[in-house]
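As you go down the protein sequences, you meet chains A and B in turn.
The first sequence runs 1 to 230 under my numbering.
The second sequence runs 1 to 230 under my numbering.
The beta-carbon is built from N, C-alpha and C at its ideal position, and this holds for glycine as well.
The structure displayed is predicted, hence computed values, not measured ones.
Number of protein chains: 2
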Amino acid sequence: MSEGAASRVSEATVARLPRYLARLLELAAADTATVSSDHLAELAGVNPATLRRDLASFGIAGTRGVGYDVRYLVYEVSIVLGLNHEWPIVIVGVGNLGRALANYDGLVSRGFPVRALLDIDPSVVGDEVAGITVEHIDDSAAVVAREQLAVAVIATPSGSAQNAADLMIGSGISSLLNFTAVAIEVPDVVEVRRVDLATELQILSFYQQRSSAARGGAGVPLEKALSPIC
Amino acid sequence: MSEGAASRVSEATVARLPRYLARLLELAAADTATVSSDHLAELAGVNPATLRRDLASFGIAGTRGVGYDVRYLVYEVSIVLGLNHEWPIVIVGVGNLGRALANYDGLVSRGFPVRALLDIDPSVVGDEVAGITVEHIDDSAAVVAREQLAVAVIATPSGSAQNAADLMIGSGISSLLNFTAVAIEVPDVVEVRRVDLATELQILSFYQQRSSAARGGAGVPLEKALSPIC
DNA sequence: TTCTGTGAAATAGTTCACAGCG
DNA sequence: CGCTGTGAACTATTTCACAGAA
């Protein structure tokens with residue numbers, strides 16, 4: 001990931017904010033007016049002191065003896081995360097994954113409406129997916145300008161990922177969410193995060209293997225062992 | 001995430017192993033025989049001492065003056081991650097996301113073949129997706145036993161995620177990869193990891209906002225500001 | 001009294017730097 | 001001589017514990 005401006009808050013703190021926000025929205029939906037750090041920390045699965053420190057590091061204050069005002073906290077955390085406005089996104093690569101993402105309502109409902117779809121394959125260009133007409137990646141600069149896009153989701157085959165990323169950066173995109181199996185190199189001013197299914201499964205595999213070994217090996221198909229996948 | 005047996009290696013170390021493995025497989029594919037910690041660390045984007053310590057913590061040794069044997073390292077890291085055998089998986093929820101995952105070739109190529117698809121909707125059961133016939137979730141126990149499954153990917157709507165997880169755990173599944181917008185509660189012996197698109201985008205949003213603020217705000221549609229998404 | 005905000009302690013993780021092996 | 005393996009220093013992060021505000 002590129003580093004951006006040096007900041008005084010740790011990435012661990014930033015990564016917890018979406019979790020706090022999700023719980024806060026649930027509390028707000030249930031018309032809860034205030035919440036203590038103990039309660040919210042319990043809901044979010046963190047230590048109360050960690051929660052208080054996280055909020056304090058952004059200057060977000062509660063009321064001693066009372067707790068935090070839920071609606072105010074939602075507002076403040078949203079501002080800190082940059083969620084006081086929508087972030088329209090473009091999906092690059094309209095294969096199975098791209099289609100799934102375009103149809104995923106969890107995006108628009110959380111402020112990330114899909115505004116454009118791009119592909120390099122002429123047989124896909126012109127298709128309508130989730131109500132959006134697929135455009136050719138050669139037109140990316142025009143699309144980015146037209147839709148005021150800052151974020152692109154890369155859902156191409158792995159071999160095309162770097163190329164797609166370069167094109168989008170050249171078209172003015174400054175944040176990438178990389179959904180492919182390979183890492184993408186970017187200039188320092190561009191932010192990237194990668195979501196990789198196989199990496200997650202490999203980590204799961206480690207802990208799964210370890211905990212079943214500790215229990216005596218039940219549940220793991222060890223009889224299938226010793227055919228390395230490399 | 002559930003904790004499993006207390007271990008002496010940090011989660012940070014485990015999370016780096018898949019990255020090392022990916023680079024090692026590239027080196028192996030290019031017939032590179034040995035690699036120094038400096039070189040591999042550079043490829044993986046970590047400090048060389050961190051790499052050496054990570055490997056040493058699993059008892060994986062190199063040769064002083066030479067480096068590490070690439071093929072041996074691939075083998076050892078695979079064993080540590082539990083990748084010396086395949087991990088057949090089941091996808092629960094055959095909507096857009098489930099279909100995308102079922103068709104994603106990055107899974108089988110890395111040792112996680114999709115062996116079954118489950119859904120609760122009778123109009124989907126019986127469909128063939130990616131060469132696999134969708135079965136009803138009521139039959140999950142039989143499916144898990146038949147295919148010797150240990151890992152389930154939850155790709156249902158968020159509201160059904162906990163339910164789906166409970167059913168799969170009751171059917172003998174011991175690792176879950178949760179692809180929905182909500183957290184899932186599980187017993188201690190079950191491992192869970194969650195991949196959430198909106199969380200990733202929110203973190204991107206934070207850094208994007210911050211770095212464009214540092215550059216004077218160019219590139220962000222600030223004129224659209226102030227319509228909170230909550 | 002309750003619960004925040006935060007020094008200070010504890011813990012975890014990273015990096016340096018170098019002894020010593022091949 | 002080059003590079004690993006690791007004590008020790010350093011940095012980051014979490015947690016405790018409590019003073020003090022409401």
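C-beta neighbour in chain A for residue i, strict 9 Å
i: B:E232; result: Past the boundaries of the shown model lies residue 232 of chain B; chain B is included only from 1 to 230, so the question cannot be answered.
i: B:V182; result: yes
i: B:Q209; result: yes
i: B:L27; result: no
i: B:V151; result: yes
i: B:V14; result: yes
i: B:S140; result: no
i: B:S160; result: no
i: B:S171; result: no
i: B:S10; result: no
Residue j beta carbon less than 9 Å from that of residue i
i: B:T63; j: B:T32; result: no
i: B:V90; j: B:A152; result: yes
i: A:A155; j: A:G95; result: yes
i: A:W231; j: A:A150; result: No information on residue 231 of chain A is available, as it lies outside the stretch 1 to 230 that chain A covers here.
i: B:F206; j: A:L73; result: no
i: A:I137; j: A:A164; result: yes
i: B:L117; j: B:D139; result: no
i: B:L51; j: B:R8; result: no
i: A:L176; j: A:V189; result: no
i: A:L273; j: A:V70; result: Given a span of 1 to 230 for chain A in the structure shown, any question on residue 273 of chain A remains unanswerable.
i: B:S57; j: B:A49; result: no
i: A:Q202; j: B:L83; result: yes
i: A:I79; j: A:Y68; result: no
i: B:S10; j: A:Q208; result: no
Close Cβ partners of residue i (< 6 Å) along its chain, the five nearest in sequence each way excluded
i: A:A130; result: A102 and N103
i: A:G98; result: I91 and A155
i: B:R19; result: A44
i: B:E147; result: P88, R115 and A116
Within-9 Å CB hit, residue i to chain B
i: A:P18; result: yes
i: A:L167; result: no
i: A:V134; result: no
i: A:G65; result: no
i: A:S37; result: no
i: A:A22; result: yes
i: A:S212; result: yes
Chain-order list of residues whose beta-carbon lies under 7 Å from that of residue i (same chain, five-residue window excluded)
i: B:G126; result: T133 and V134
i: B:A161; result: I154, N178, T180, V182 and I184
i: A:K224; result: Below a pLDDT of 50, predicted positions are generally treated as unreliable, and A:K224, at 29, falls in that range; no measurement from the model is reported.
i: B:D54; result: T13 and R16
i: B:H85; result: none
i: A:V124; result: V94 and V134
Contacts around residue i, its chain only, beta-carbon distance under 8 Å, and the 5 residues preceding and following it disregarded
i: A:E128; result: V134
i: A:V186; result: S2, A165, I169, L176 and V192
i: B:G93; result: L118, D119, I154, A155, T156, P157, S160 and A164
i: A:L24; result: V35, L40, V70, L73, V74 and V77
i: A:V143; result: V90, A116, L118, E135, L149 and S171
i: B:N47; result: A41
i: B:A141; result: G170, S171 and G172
i: B:F112; result: E86, W87, P88, I89 and V151
Return the residues of the region 77-98 of chain A that lie within a Cβ-Cβ distance of less than 9 Å from chain B, sorted by chain order. Against chain B - using a Cβ distance shorter than 9 Å - the residues of the region 77-98 of chain A are S78, I79, V80, L81, G82, L83, N84, H85, E86, W87, P88, I89, G95, N96, L97 and G98.
Just by C-beta distance, which residues in the region 97-124 of chain B are closer than 7 Å to chain A? L97, R99, A100, N103, Y104, G106, L107, R110, G111 and F112
Going along the chain, which residues of the region 45-60 of chain A sit with their C-beta nearer than 9 Å to a C-beta in chain B? Taking 9 Å as the Cβ-Cβ cut-off, the region 45-60 of chain A approaches chain B at G45, given in chain order.
By the 7 Å beta-carbon criterion, what residues does the region 196-207 of chain A contribute toward chain B? L197, A198, T199, E200, L201, Q202, I203, L204, S205, F206 and Y207
Touch check for the region 106-118 of chain A and the region 186-205 of chain B: three-plus C-beta pairs under 8 Å? Cβ pair count under 8 Å is three or more, so yes.
Using a Cβ cut-off of 7 Å, which residues of the region 184-195 of chain B contact any Cβ in chain A, in chain order? V189, E191, R193 and V195
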